[in-house]
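If you read the protein sequences in the order shown, they are chains A and B.
First residue of the first sequence: 1, per my numbering; consecutive thereafter.
First residue of the second sequence: 1001, per my numbering; consecutive thereafter.
From the three backbone atoms N, C-alpha and C, an ideal C-beta is built for every residue, glycine too.
This one's a predicted model, so the numbers in the text were calculated from it and none came from an experiment.
Take a look at the structure set out below.
Protein chains: 2
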Amino acid sequence: MTLPANKRIAESTVRRLSMYLRYMESLDEVGQQTASSDELAQLCGTTPAQVRKDLSFFGSFGKRGLGYPVHELTERLRDILGLGHAWQVVIVGAGKIGSALAEYRGFRQRGFQVVGVYDKNPKKIGRAWGDATVRDIDSLAEDVVAHHVDIAVIAIPADDAQEVVDRIVLAGIRAILSFAPTSLHVPPHIAVKTVNMAMELEGLSFALTNRVE
Amino acid sequence: MTLPANKRIAESTVRRLSMYLRYMESLDEVGQQTASSDELAQLCGTTPAQVRKDLSFFGSFGKRGLGYPVHELTERLRDILGLGHAWQVVIVGAGKIGSALAEYRGFRQRGFQVVGVYDKNPKKIGRAWGDATVRDIDSLAEDVVAHHVDIAVIAIPADDAQEVVDRIVLAGIRAILSFAPTSLHVPPHIAVKTVNMAMELEGLSFALTNRVE
DNA sequence: ATAAGTTTGTGAAGAATTTCACAAGCCTTC
DNA sequence: GAAGGCTTGTGAAATTCTTCACAAACTTAT
């Protein structure tokens, strides 16, 4: 497996690892044998020192004078990120966002298996969504237990989010990706990521307003 | 306006300001008069010291012994974030993600006016999307110039993204919100935010894999 | 008015992250 | 096989971000 000693790895580092993987994959497809930290940095918009430091947390994958072996590093990055595992995912909320997500190819491609879609609207229950059928959100918790679901994607209104999260946390979910524009309260052992459109837009608005000319 | 002296404001601070705004708005709706840094911190999942420090970059809005005046701080946060302005937004890519975005109410609510949706697929051109009609992506650059578009939301495949970005940058776009899973190269005066689903999922996968028990 | 109880604003300390800079190692060429 | 040219891996320095801790200021109660 990976060998991260016992250091805590920064979230920023993990995000970059994900980016390195993406570009290493594309170099691998093209048949490129090696890539230097400088090349990878340019592709990813970071610095060579940053690339080397990030990778060094997990081992020495490169050869001095030559760079990193593309194919091998690709596999190592997949290992490090835990992408060998077939994670079980449920999508909560069969609205527009849930819909876009359910059809998102990236899930399958990267080993995330969408095993269920849930909604509380009776009109939506029973409809086919991708490979799954929309089920009643009241059966979510028991399904999480029964199918050992690892990750829940939350695509419901902010007001409903915390209640649903509480229920699936009790049911044993281990990670949550939320699109609800609210901060979620969970026990410390649960991994949570939040994607917040409004926050991103407001970040741009701020940049446009407080531009340093 | 805002008075950020000449310090650079950290991106993490701006993200929190956006969160503070959201919760202040909801407190304001409920009619609450004041809120302490401690209350706001608990709502947002941060610390009181962090709240005070963040706000202090822009002025002194609170009263000692009492807290922050909810309604006033709400307005100040809107000012700081530049939300008084009616930003002109185009959405590039009329696929699933573009669709979910076009119907996203948060845009209008926060002063982002979607003035156009673009795609290169002839089958999609001409269809009505929300208030807008899908137009040919070849007319994007001239429309950006003509309508002084501020922000472009990029919801097209990674392979096409850089080319489109290059064109709208030339046309004078000032900010970009990208959903394409690739790093975009732009001049330094252009603000860019990237939302990358795969990166978030892989961050969760990493957390699940390298869990510190 | 005074005292007791809160809460802000902010320098300073501490922690975390990024960048620097260079020895060490590998490849290629002569 | 020695020399020259690259590139990694990594301590140390620099920078950035967060937390601490406390004086100052305000409110309420008596």
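C-alpha of S1036 (chain B) to C-alpha of Q1050 (chain B): approximately 12 Å in a straight line.
Distance from the CA of H147 (chain A) to the CA of I91 (chain A), rounded to the nearest whole angstrom, comes to 14 Å. If you compare the alpha carbons of A:S18, A:D119, A:A207 with that of L55 (chain A), the shortest gap goes to A:S18. Three or more Cβ pairs closer than 8 Å define a contact, and the stretch 59 to 75 of chain A falls short of that threshold against the stretch 120 to 130 of chain A.
Along the length of the stretch 1162 to 1201 of chain B, whole beta strand (DSSP E) runs at least 3 residues long occupy 1175 to 1178, 1191 to 1194, reported in chain order. The three-state secondary structure of D38 (chain A), taken from DSSP, is helix. Q1088 (chain B) has B:Q1113 as its beta-bridge partners, per DSSP.
In this structure, the straight-line span from the alpha carbon of D131 (chain A) to that of V114 (chain A) is close to 8 Å. Within its own chain, the residues whose Cβ lies closer than 7 Å to the Cβ of L81 (chain A), once the five positions on either side in sequence are excluded, are L17, S18, L21, listed in chain order.
Bounds of any alpha helix (DSSP H) do not take in V1153 (chain B); it lies within the beta strand (DSSP E) bounded by 1151 to 1154.
Within a 10 Å sphere around the beta-carbon of L170 (chain A) sit fewer than 16 other beta-carbons, which makes this residue exposed. Beta-bridge pairing by DSSP links V1134 (chain B) to B:V1117. Residues of the stretch 1053 to 1087 of chain B whose Cβ lies closer than 8 Å to any Cβ of chain A, in chain order: I1080, L1081, G1082, L1083, H1085, W1087. Between L1177 (chain B) and L101 (chain A), the gap from beta carbon to beta carbon reaches 8 Å or more. Nearest to R15 (chain A) by alpha-carbon distance, out of B:V1192, B:R1008, B:E1202, B:A1175, is B:E1202. Of the residues B:D1159, B:L1077, B:V1145, B:P1188, the one whose Cα lies closest to the Cα of I1173 (chain B) is B:V1145. Membership of I80 (chain A) in the alpha helix (DSSP H) is indicated by the continuous run 70 to 81. In the three-state reduction of the DSSP assignment, G1067 (chain B) falls in the strand class.
Shown here, A141 (chain A) sits in a helix according to DSSP, grouped into three states. Taking a C-beta distance under 8 Å as the contact criterion, Y68 (chain A) and T13 (chain A) do not qualify as a contact pair. Taking the Cα positions, V186 (chain A) is about 11 Å away from R167 (chain A).
By DSSP's assignment, A128 (chain A) forms a beta bridge with A:T133. In this structure G1059 (chain B) is exposed. Its beta-carbon is surrounded by fewer than 16 other beta-carbon atoms within 10 angstroms. Apart from sequence neighbours up to five positions away, the residues of its chain that approach T194 (chain A) with a beta-carbon distance below 6 Å are S178, ordered along the chain.
Counting only the Cα atoms, E1200 (chain B) lies some 27 Å from Y1118 (chain B).
Cβ atoms of I1156 (chain B) and A1175 (chain B) stay farther apart than 8 Å, at about 17 Å. Against chain A, the CB of P1181 (chain B) has a partner CB under 8 Å away; the residue lies at that interface.
Residue-level contact check: E1025 (chain B) does not touch chain A, since none of the beta carbons of chain A fall below 8 Å from its beta carbon. Using beta-carbon distances, K1007 (chain B) does not count as an interface residue toward chain A, since no partner is under 8 Å. If you draw a 10 Å sphere on the C-beta of T47 (chain A), you find fewer than 16 other C-beta atoms in it, and that means exposed. M24 (chain A) and Y1104 (chain B) do not touch by the CB rule: their CB atoms are close to 33 Å apart, not below 8 Å.
For E29 (chain A), the enclosing alpha helix (DSSP H) covers residues 11 to 30. No Cβ-Cβ contact shorter than 8 Å links T1074 (chain B) with D1138 (chain B). Membership of S56 (chain A) in the alpha helix (DSSP H) is indicated by the continuous run 48 to 56.
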